[in-house]
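Enquirer: Heads up: the sequence shown begins at 1 in my numbering, then just goes up one per residue.
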Amino acid sequence: MEKLDELKKSLLADGKIDKEEVEQLRKVLYADGVIDAEEVAFLFELNDAVSGENNAPEWKEFFVEAISDNILADGEIDEEEVKILSEKIGADGQVDETEKALLLNLKAKAKNFPAALDSLLK
Numbered sequence: 001m002e003k004l005d006e007l008k009k010s011l012l013a014d015g016k017i018d019k020e021e022v023e024q025l026r027k028v029l030y031a032d033g034v035i036d037a038e039e040v041a042f043l044f045e046l047n048d049a050v051s052g053e054n055n056a057p058e059w060k061e062f063f064v065e066a067i068s069d070n071i072l073a074d075g076e077i078d079e080e081e082v083k084i085l086s087e088k089i090g091a092d093g094q095v096d097e098t099e100k101a102l103l104l105n106l107k108a109k110a111k112n113f114p115a116a117l118d119s120l121l122k
């Protein structure tokens with residue numbers, strides 16, 4: 001986690017995430033080939049910190065891809081994943097465009113899309 005905290009400080013120094021920073025995130029987070037729960041939490045923290053800023057379009061794409069890879073590893077969204085997503089998406093009191101893109105991607109790709117998550121799209 002310490003490594004992620006240092007990375008977070010570096011990424012947020014200018015208050016937004018640019019294309020080069022997305023490439024850096026991809027290298028660090030996918031170094032072991034998977035996105036784990038700690039990295040999912042890290043990505044949501046980053047997104048909350050830069051929500052509404054002039055981020056590179058690659059940020060939204062990476063956020064959606066990385067979290068979807070974790071959540072849909074088995075093709076389904078289970079109750080624990082619903083709880084995590086609901087808590088993380090609601091943490092800052094809003095559902096921003098990046099989080100909406102994530103939800104829409106999950107809805108399109110998951111075998112099931114729970115009503116609790118569907119309600120976040122409204």
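Here a beta-carbon is modelled for each residue, glycine too, at the ideal position from N, C-alpha and C.
(1) Of the choices E80, K122, E76 and D118, whose alpha-carbon is the least far from that of K112?
(2) With distances taken Cα to Cα, identify the nearest neighbour of D69 among D36, A108 and K88.
(3) Would the beta-carbon of A66 fall within 8 Å of that of L29?
(4) Is it right to say V22 is buried, meaning 16 or more other beta carbons lie within 10 angstroms of its own, or is it exposed?
(5) Would you say F42 and K8 are within 8 Å of each other, going by their C-beta atoms?
(6) Could you work out which residue in I71, E80 and A115 is closest to V34 when comparing CA atoms only?
(7) Could you check how far apart the C-beta atoms of K16 and N47 are, in whole angstroms? I think they sit under 8 Å.
(8) In whole angstroms, what separates the C-alpha of V82 from that of G90?
(9) If you compare alpha carbons, which of L106, L117, N105 and A110 is closest to E87?
Expert: Concretely, from the data shown:
(1) First, the amino acid is wrong: residue 112 is Asn here, not Lys. For the residues E80, K122, E76 and D118, the minimum Cα distance to N112 belongs to E76.
(2) D36
(3) yes
(4) buried
(5) yes
(6) I71
(7) Rounded, the Cβ-Cβ distance is 11 Å, inconsistent with contact.
(8) 12 Å
(9) L117
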